[in-house]
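Some notes on the structure that comes next.
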DNA sequence: GCACAATATTTGCTATGTTAAATATATTGA
DNA sequence: TCAATATATTTAACATAGCAAATATTGTGC
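Chains as they are written, first to last, in UniProt numbering: chain A, 1 to 150; chain B, 1 to 150.
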């Protein structure tokens with residue numbers, strides 16, 4: 001008798017209060033608050049920041065790898081990269097070997113933004129670790145990784 | 001010496017592989033896959049489904065309560081409710097006491113959709129529980145709740 | 001009872017999410 | 001080699017996210 005039943009005794013879905021998708025959105029919303037605030041004054045969005053971060057960490061790479069790492073769908077990324085190009089924060093050029101591929105790279109201006117925000121970003125990460133706890137945070141990331149098995 | 005350092009010895013951000021925001025998106029993406037598939041054949045979106053679920057669970061309510069529970073921003077919700085109105089899945093009327101408030105309620109057609117999908121939705125929830133584990137899932141929800149303290 | 005601040009919701013605008021279709025280049029096999 | 005297929009990316013179209021401003025209604029103090 002562990003099934004969830006509603007008032008009429010019919011099988012019922014878990015309460016939205018304990019819904020996994022909603023819980024994930026809610027948590028994300030809270031996490032992103034300070035990050036958006038940090039980024040607002042340099043005029044780049046959360047997704048643009050992710051792209052710059054990934055390019056800085058893994059170096060120049062093709063669009064598919066970038067999208068996978070930055071967790072973006074390719075159509076979204078295409079547009080985001082276009083605006084980053086206009087801002088002069090990344091470059092893009094066709095791969096010499098396989099001209100279907102587009103290699104994206106961060107520019108010095110792009111790196112400058114990351115470095116400017118380094119302290120603030122670090123402070124946000126530290127704050128999360130303080131509130132959630134280092135161990136529980138590690139555990140969270142482990143559990144979240146398991147969702148890839150779905 | 002627990003600080004993250006990069007190759008040059010400078011203070012560095014955590015790898016995007018262990019980034020909390022990205023991990024949350026990635027997990028959510030996986031969870032939503034089957035749910036979107038379930039909803040695609042009845043032509044309603046994930047957000048529309050959330051609104052119907054909350055209305056079914058908590059009954060008629062004003063826009064602010066609904067947005068809080070369905071985890072939507074009011075401007076987004078306004079538009080989603082409009083399309084739900086057009087589909088005849090919800091009703092909306094001004095509160096008698098306070099005419100600034102709009103009371104939203106689910107219709108029988110809206111309830112029918114939920115009931116039609118009940119088994120599938122239950123199966124998805126069960127699958128998640130199997131893959132993640134009941135205890136770890138409960139723990140995940142507890143940790144995610146703590147993010148509200150941020 | 002009225003100007004004024006506060007609350008609830010909606011609108012407008014730009015950016016992204018999501019799916020399907022289009023485009024361009026590579027690869028394969030007859 | 002060439003047509004058929006597969007792969008990489010972009011476009012197109014519609015829905016939602018997020019922020020700021022506008023609207024409508026209510027509450028408050030004078």
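C-beta: ideal position from N, C-alpha, C; glycine also.
Looking only at 54(A), 122(A) and 13(A), the smallest Cα-Cα distance to residue 22(B) is reached by 54(A).
Residue contact with chain B for residue 37(A): absent (no Cβ-Cβ distance below 8 Å to any residue of chain B). Nearest neighbour of residue 149(A) by Cα position, chosen from 61(B), 59(B), 13(B) and 129(B), turns out to be 129(B). Excluding five sequence positions before and after residue 34(B), the CB atoms of its chain that fall closer than 6 Å to its own CB belong to 124, given in chain order. Residues of chain A whose Cβ lies closer than 7 Å to the Cβ of residue 106(B) do not exist; the shortest such Cβ separation is about 13 Å. Rounded to whole angstroms, the gap between the alpha carbons of residue 29(A) and residue 68(A) is 21 Å.
For residue 102(B), the enclosing beta strand (DSSP E) begins and ends at 102-106.
At a cut-off of 8 Å between C-beta atoms, residue 98(B) does not count as an interface residue with respect to chain A. DSSP, reduced to helix, strand and coil, places residue 36(B) within a helical segment of the structure shown. The three-state secondary structure of residue 91(A), taken from DSSP, is strand. Put simply, the CB of residue 148(A) is near chain B, with a gap under 8 Å to one of its CB atoms. Separation of residue 142(A) and residue 100(B) (C-alpha to C-alpha, rounded to the nearest whole angstrom) is 45 Å. The beta-carbon of residue 23(B) is placed less than 8 Å from the nearest beta-carbon of chain A. For residue 65(A), the nearest beta carbon of chain B is not closer than 8 Å to its own beta carbon. Counting only the Cα atoms, residue 65(B) lies some 42 Å from residue 111(A).
For residue 41(B), the secondary structure class from DSSP, reduced to helix, strand or coil, is coil. In this structure, the straight-line span from the alpha carbon of residue 119(B) to that of residue 39(A) is close to 43 Å. With fewer than 16 other Cβ atoms from the protein chains shown falling within 10 Å of its own Cβ, residue 94(A) counts as exposed. For a cut-off of 8 Å, the C-beta gap from residue 44(B) to residue 113(B) is around 7 Å, short enough to register as a contact.
Per DSSP, residue 140(A) is one residue of the alpha helix (DSSP H) stretching across 134-146. Here the alpha carbon of residue 76(A) sits roughly 45 Å from the alpha carbon of residue 97(B). Our two residues, residue 50(B) and residue 137(A), have alpha carbons roughly 27 Å apart in a direct line. Residue-level contact by beta carbon holds for residue 20(A) and chain B, with a gap shorter than 8 Å. The C-beta distance from residue 57(A) to residue 16(B) rounds to 6 Å, short enough to fall under 8 Å. Around the CB of residue 82(A), fewer than 16 other CB atoms lie within 10 Å, so the residue is classed as exposed. Per DSSP, reduced to three states, the secondary structure at residue 98(B) is coil, with no helix or strand assignment.
Annotation for residue 50(A): the continuous alpha helix (DSSP H) segment containing it runs 46-58. At a beta-carbon threshold of 7 Å, the residues of chain B lying near residue 14(A) are 125, ordered along the chain. With a threshold of 16 other beta carbon atoms within 10 Å, residue 42(A) falls short and is exposed.
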